[in-house]
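Protein chains in written order, with our numbering: chain A, 109 to 633; chain B, 109 to 633.
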């Protein structure tokens, strides 16, 4: 079976999307998820263009990955710079990765109008840049930017840029449809023609501007490419990059090509949602394979037929990619997910047991209210603990009040009061804060730290809010995700859902504290 | 030039989507828009399955349409019914349209497992149903449901169902990829093969379950189909139908085939948004051709290149489909970005002017505090307005206060008071809400709507919060992004930044309101 290499660029090209801004911690978490999915390369960033990416490479080189190679991305040297003095090339070397992807120009229009150099000099730029990186011990993937547009206008020149990259020592040549305007039949013809001129393995990098991102990737692979670039959920500039969440199952299930294994494919839905949460994006229910509605049946005819034989209106078994058939409104995570989690935590939970049934029931109830546990592992663990007798309450909340005031002088003031009991001992505290959630956090800590001094080590490292049902405007339900860390550097994520952002934040705060206290208690035993 | 017929099924197959429910009035308004777009057929509904659709056909037959033929949709007769007594066939005739589309089974599995009849009897059902409708003076389009799946399993039988429809008098035969699981190369082979067996014009009806809805439609047309079915925005069950908003420009601009004219194509964005609003769906900013981000540029390299030559990173001129180029104002925004924006807004702002220098200074100051304008166009426009004398204050805030309380009974309570002046007239209002931001929004509207009744049309459609400096925990600064829409379907995004989530939300709310009021004022001039 032919093996196809998957190259993920969610963290670089995906992050170019309007509204996406990954933190360093987000990027590191995504790297680990992508590695577990089984992608072969992870493009981490462009150190020459984004100073924040330099720190990412320092950190990511310390991670132990099972499957993926980390790749640094950058451009060929500037026309006026000698290669060894080019800032972008230097930054690429400093990233410290074994693999580097550099892109160069294949389209004569770009060489003339954007680089403002001659066609001949552009060939030297490509050759120089690749050869220099290789002389420093790097392995190079060459992205031929605008290859298809360039080929359509001037095929000889476009091909000559590839030959330059091949001679200079690149190991893979990636044909990019950078503007996303190429039709599938053109992709097919041009890939076939190019393959007869280049001996290196070819890759495809497609964009979705004509709605062809996935199709062009698949067509290119059938025409001879063995490497495919894309992003999770098709995130990317303009209309996005080709969506790996469609490409992967199409390769594996439809073209029967080897890329990731069956066990990894089962996590596709989970990873799609995980990345979506960290990207702070709304769900695309219609997304092929992984969308919430991808296997939903509304039409009476369809439901009836699907009951008679699921293959009647389903092109694949949804479980293969970790999705589910939805007939009625209720749904989602099955008992196997819970069993898996319980096993991970070494809790004794049996298939068919009452505890399992109740956990599942509770989970479904919460999901129907907008909870999503893909990016809130700690809250999910608390849920499992509650149903397996591994949960303990550390305090009883009686009431809270939060006030935010903006006075005539324009000054802001936030105050929270908390009334609670720890082992029957009442606490009534008040605290100011930089905002309502901070004030609440402060008042809660004030009330608890005498009893649980370990809370002093916890701090909140990320805080995200999303509207779930946007049609209700400011009255909409919000989902709060909180990431907390302790001084040893471990971090955990919790969730809260409510129409009231203060209440949702409170829920997530309390989960975070309970999680830490339970974890510490476990260690003391 | 070969002419391609467009067949819209937004009102029938599109309405099968989770969450879509068109009123009768909605459907009639959409018919008129589709007619003005120039589609050739509009499938209005399934009178045999949906009693509401009967009233629709009564009404729609009274409309004068310039381009489109209205089509009623239904299934072939039931196995046990004589055709003249079949309720579905009767309802089709009662719809009173000249054209009728009926679907029948091409896949032997469906004939056996769903219809539960014999392969031979299914042929009679198809033949009967079509011939009867024709005997009543109707013109018939035949939808071969699951044709590609059927062909893959039993090509002789699948083809025999088409021949039956042809002999019975259908005028167009539509090959349906009902489950959306077929790959483009299979579509191409099967359409070519089928064309050699059938003399009638062929159509394609594709679904998007493999991310191939648009590609399969285009591939089928290149292989010989001359009729294409789809929906506006790709609405439809599961992953949706093929998106006409991508198919139409691909046909016209990429394949150079005739379908609608240039003037009609310019309304594509408007029609996409109109249908979206009536369908009450959130926007898909990444949607090819018509999405808000379809021609947005964020990366510094791209912006620089697009200025030098737009074709560098744009596959078509966005104006052709009624869209626009957006230069996103991201970090390191220079004066050229501001000039570009000002030109887009038709504001007179000169290179080297004092206004430009001050705008840039202000922008950099705001960016250093965590503002990011790339997803907050409306706030950016306000900023430019403030520095070019195009800004007006509509009210003066004096103070606000927000209280959130959770009582001993566990009940939540949110209240906001707002004190402000409109043209010197004091307003002091109080309102409850589902949360603090909703309460504040309510109190603010309460204070302003007497003066500015147009605010009643505005609703908030998305609300996002992100921590900027996550190291400060709950004291961290947050960035709030609000998306608002009016009843005409235009939407705008505003931003607020503060350590206090209430203050940040307030800022974004006020920007949203000011933006609308300024825009309306401009229109009145």
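Quick reminder that beta carbons are idealized off the backbone N, C-alpha and C, glycines included. The model shown is predicted, which means the values in this text are computed figures rather than measured ones.
For residue 120 of chain B versus residue 154 of chain B, is the C-beta spacing smaller than 8 Å? yes
Can you tell me where the alpha helix (DSSP H) with residue 76 of chain B in it begins and where it stops? Given that chain B is displayed from residue 109 to residue 633, the structure contains no residue 76 of chain B and the question cannot be resolved.
When the Cα of residue 176 of chain B is compared with those of B/295, B/139, B/624 and B/325, which residue comes out closest? B/139
Using three-state DSSP, classify residue 392 of chain A as helix, strand or coil. coil
In the stretch 228-314 of chain B, which residue ranges form an unbroken alpha helix (DSSP H) of at least 4 residues, counting only runs that do not cross its ends? 255-261, 263-276 and 292-303
Residues in its own chain within less than 6 Å of residue 365 of chain A by CB, not counting five upstream and five downstream? 110, 112 and 359
Can the beta-carbon of residue 243 of chain B be found less than 8 Å from the beta-carbon of residue 210 of chain B? no
Residue 298 of chain B, buried or exposed, once every other Cβ within 10 Å from all chains shown has been counted against 16: buried
Would residue 382 of chain B count as contacting chain A if we go by Cβ distances under 8 Å? no
List the whole-angstrom C-beta distance separating residue 569 of chain A from residue 606 of chain A, where the pair is believed to meet the contact cut-off of C-beta under 8 Å. Contact flag wrong, Cβ pair sits at about 22 Å.
Of all the CB atoms in chain B, is at least one closer than 8 Å to the CB of residue 587 of chain A? no
Taking 8 Å as the CB-CB cut-off, is residue 544 of chain B touching chain A? yes
I'd like the span of the beta strand (DSSP E) that includes residue 646 of chain B, first residue to last. There is no way to answer for residue 646 of chain B, as the model of chain B reaches only from 109 to 633.
Close beta carbons around residue 191 of chain A, own chain, < 7 Å, minus the five adjacent residues each side: 185, 197, 236, 237 and 240
With a threshold of 8 Å between beta-carbons, can residue 571 of chain A be considered close to chain B, or not? yes
Classify residue 304 of chain B: buried if its beta carbon has 16 or more other beta carbons within 10 angstroms, exposed otherwise. exposed
Please identify the residue among A/572, A/453, A/595 and A/585 whose C-alpha is closest to the C-alpha of residue 584 of chain B. A/572
Taking 8 Å as the threshold (beta carbon to beta carbon), is residue 506 of chain B in contact with chain A? yes
For residue 555 of chain B, count the other beta carbons within 10 Å of its own beta carbon; 16 or more makes it buried, fewer makes it exposed. Which is it? buried
Could you list which residues in chain B have their beta carbon closer than 8 Å to that of residue 216 of chain A, in chain order? Those within 8 Å of residue 216 of chain A in chain B number zero; the least Cβ separation is about 12 Å.
What is the DSSP secondary structure of residue 598 of chain A, reduced to helix, strand or coil? coil
Continuous alpha helix (DSSP H) stretch holding residue 105 of chain B: start and end: Residue numbering for chain B in the displayed model covers 109 to 633; residue 105 of chain B lies beyond these limits and cannot be assessed.
Answer yes or no: does any C-beta atom of chain A fall closer than 8 Å to that of residue 122 of chain B? no
Is the beta carbon of residue 506 of chain A closer than 8 Å to that of residue 523 of chain A? no
Pop quiz: residue 324 of chain A and residue 285 of chain A are said to be a contact at Cβ under 8 Å. What is the actual Cβ separation, rounded to whole angstroms? 6 Å
Residue burial classification, residue 398 of chain A (beta-carbon count within 10 angstroms, cutoff 16): buried
In angstroms with no decimal places, state the Cα-to-Cα distance between residue 205 of chain A and residue 250 of chain A. 15 Å
List, in order along the chain, the chain B residues whose C-beta lies closer than 8 Å to that of residue 292 of chain A? 292, 323, 326 and 327
Beta-carbon neighbours of residue 180 of chain B, restricted to chain A and to distances below 8 Å: Within chain A, no residue comes near residue 180 of chain B; the closest Cβ sits about 17 Å away, beyond 8 Å.
Using CA coordinates, which residue listed in A/452, A/504 and A/552 is at the minimum distance from residue 532 of chain A? A/504
Going by DSSP in three states, residue 571 of chain A sits in which element: helix, strand or coil? strand
Run down chain B in chain order and give the residues with a C-beta less than 7 Å from the C-beta of residue 320 of chain A. 322 and 323
Please work out which residues of its chain come closer than 6 Å, Cβ to Cβ, to residue 586 of chain B, disregarding the five sequence neighbours upstream and downstream, and give them in chain order. 573, 575, 609 and 612
Using C-beta distances below 8 Å, list every residue in its chain close to residue 628 of chain B, excluding the 5 sequence neighbours before and after it, in chain order. 562
Roughly how many angstroms lie between the CA atoms of residue 595 of chain A and residue 567 of chain A, to the nearest whole one? 9 Å
So residue 371 of chain B is in the alpha helix (DSSP H); what residue range does that whole segment cover? 370-373
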